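K.L.:
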Amino acid sequence: MLDPRETHAGVGYVVPTSGPYKGWHLVVSNLAGYPKAAPPAPVSPFSDLQSGQQFLSEMNWMHAKRVSTGWTEKNGTKTYRPFEAVSREAMAAFMYRLSGSPAYTPPKKSPFADVKTSHPYYKEIAWLSAKKISTGWKQKNGTQIFRPGIPVSRDAMAAFLYRLKGSPKYTAPKTSPFTDVTKSHQFYKEISWLAANGVSTGWPAAGGASEYRPGQTIARDAMAAFMKRWAS
380 MLDPRETHAG
390 VGYVVPTSGP
400 YKGWHLVVSN
410 LAGYPKAAPP
420 APVSPFSDLQ
430 SGQQFLSEMN
440 WMHAKRVSTG
450 WTEKNGTKTY
460 RPFEAVSREA
470 MAAFMYRLSG
480 SPAYTPPKKS
490 PFADVKTSHP
500 YYKEIAWLSA
510 KKISTGWKQK
520 NGTQIFRPGI
530 PVSRDAMAAF
540 LYRLKGSPKY
550 TAPKTSPFTD
560 VTKSHQFYKE
570 ISWLAANGVS
580 TGWPAAGGAS
590 EYRPGQTIAR
600 DAMAAFMKRW
610 AS
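Per this note's numbering, the sequence shown starts with residue 380, numbered consecutively.
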């Protein structure tokens, strides 16, 4: 007979109860030494991205290629903020890194009146100007401005990516690949080039057609997709 006041080792079936039974108190332990279930592996280096999320692999690619480092939060995690609009200054940084962060010494005088040499992305913005990827806007007083903080529209993004590729020789089609982009559009050639090279497929429209939504601002998740396709 086992003494209920003692702790005894044994082998058998255990049915846990909510409390002591006839002087016995059940303590269940992992005696067999089976390992505990491991937590699921993270799907991304960015804590705000989830499994199955649209453009997940493209955003992870941005991190792997060091095109985007994201933001460091107070708890030490990195976030990508996929649905935030891409600003023109951030686009400059993305494109400079996408090109391999080439050696470049920015000029002592800024090419843009609204971008100081102390700007955190001055080097990248000046590089865009030097490579003629961005010309900015000419003002009445003859100066050029870049407007670094405004969001990038999808039509301007097409122009940036086309020029970043070296403005390759390309003849735009007589019929637009997108119902909402006419041949007279300022960046018709560049937008058509994106479509021809599989960089943008747009959105399905009525009758099996596609629309591009050129004036819409571009979010950081979609930008990742554009850049990965551009680099492929």
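For each residue, glycine too, the CB sits at the ideal point set by N, CA and C.
For clarity, every value in this text was computed on a predicted model and none was experimentally measured.
Between the alpha carbons of M470 and G528, how many angstroms are there, rounded?
P.N.:
In the sequence shown, the residue the question calls residue 470 occupies position 91. In the sequence shown, the residue the question calls residue 528 occupies position 149. Distance between the alpha carbons of M470 and G528: 10 Å.
K.L.:
With 16 other CB atoms within 10 Å as the buried threshold, where does K511 fall?
P.N.:
In the sequence shown, counting from the first residue as 1, residue 511 sits at position 132. So K511 counts as exposed.
K.L.:
Shortest alpha-carbon distance to G581 belongs to which of D534, F462, S480, Q565?
P.N.:
Numbered from 1 along the sequence shown, position 202 holds the residue referred to as residue 581. If we check each option's Cα against that of G581, D534 comes out closest.
K.L.:
Using only the alpha-carbon positions, how far apart do P421 and S478 sit?
P.N.:
Position 42 of the sequence shown, counted from the first residue, corresponds to residue 421. Position 99 of the sequence shown, counted from the first residue, corresponds to residue 478. One C-alpha to the other measures close to 28 Å.
K.L.:
Looking at the strands, I want to know which residues DSSP matches up with K517.
P.N.:
Reading the sequence shown from its first residue, position 138 is the one you call residue 517. Per DSSP, Q523.
K.L.:
Nearest to V531 by alpha carbon, out of G594, N454, P461?
P.N.:
On the sequence shown, position 152 is the one that residue 531 refers to. Checking every option, the nearest Cα to that of V531 belongs to G594.
K.L.:
Roughly how many angstroms lie between the CA atoms of S513 and V560, to the nearest whole one?
P.N.:
One-based indexing of the sequence shown puts residue 513 at position 134. One-based indexing of the sequence shown puts residue 560 at position 181. If I take the Cα positions, the gap works out to 21 Å.
K.L.:
Quick one: what's got a C-beta closer than 6 Å to Y483's C-beta in the same chain, skipping five residues either side?
P.N.:
On the sequence shown, position 104 is the one that residue 483 refers to. For Y483, where only same-chain residues beyond five positions count, the Cβ hits under 6 Å are W506.
K.L.:
Taking DSSP as the reference, what is the three-state secondary structure of K488?
P.N.:
Walking along the sequence shown from the start, residue 488 turns up at place 109. K488: coil per DSSP, three-state reduction.
K.L.:
Which same chain residues end up closer than 8 Å to R592 when comparing Cβ atoms and leaving out the 5 residues on each side of it in sequence?
P.N.:
Here the question's residue 592 lines up with position 213 in the sequence shown. Contacts found: R533, D559, G581, W582.
K.L.:
What residues in its chain sit with their C-beta under 8 Å from that of Y501, if we drop five residues either side in the sequence?
P.N.:
As a first step, residue 501 must be located in the sequence shown, where it is residue number 122. If we look at Y501 and ignore the five residues flanking it on each side, its Cβ neighbours are P485, S489, V494, K495.
K.L.:
Taking only runs of the alpha helix (DSSP H) that begin and end inside the segment 417-482, which ones reach a length of at least 4 residues, in chain order?
P.N.:
Runs found: 435-443, 467-477.
K.L.:
Establish whether the CB of P421 and some CB of chain D are separated by less than 7 Å.
P.N.:
The structure shown has no chain D; it contains just one protein chain.
K.L.:
Check whether the segment 426-436 and the segment 556-575 are in contact - that is, three or more C-beta pairs closer than 8 Å.
P.N.:
These segments do not touch.
K.L.:
Give the range of the alpha helix (DSSP H) segment to which D534 is assigned.
P.N.:
Numbered from 1 along the sequence shown, position 155 holds the residue referred to as residue 534. 533-543 is the extent of the alpha helix (DSSP H) around D534.
K.L.:
A551 by DSSP, collapsed to three states: which one?
P.N.:
Counting from one through the sequence shown, the residue named residue 551 turns up at place 172. A551 falls in the coil class under three-state DSSP.
K.L.:
Can you check the segment 546-603 for any alpha helix (DSSP H) of at least 4 residues that lies completely inside it and give the ranges in chain order?
P.N.:
Here the runs fully enclosed are 567-575.
K.L.:
Would you kindly check if the distance between the Cβ of G521 and the Cβ of F491 is under 7 Å?
P.N.:
Here residue 491 refers to the residue found at position 112 of the sequence shown. Here residue 521 refers to the residue found at position 142 of the sequence shown. Their beta carbons are not under 7 Å apart, which means F491 does not touch G521 by this criterion.
K.L.:
Measuring straight from C-alpha to C-alpha, what distance separates F425 and K553?
P.N.:
The residue labelled residue 425 in the question sits at position 46 within the sequence shown. The residue labelled residue 553 in the question sits at position 174 within the sequence shown. C-alpha separation (whole angstroms): 43 Å.
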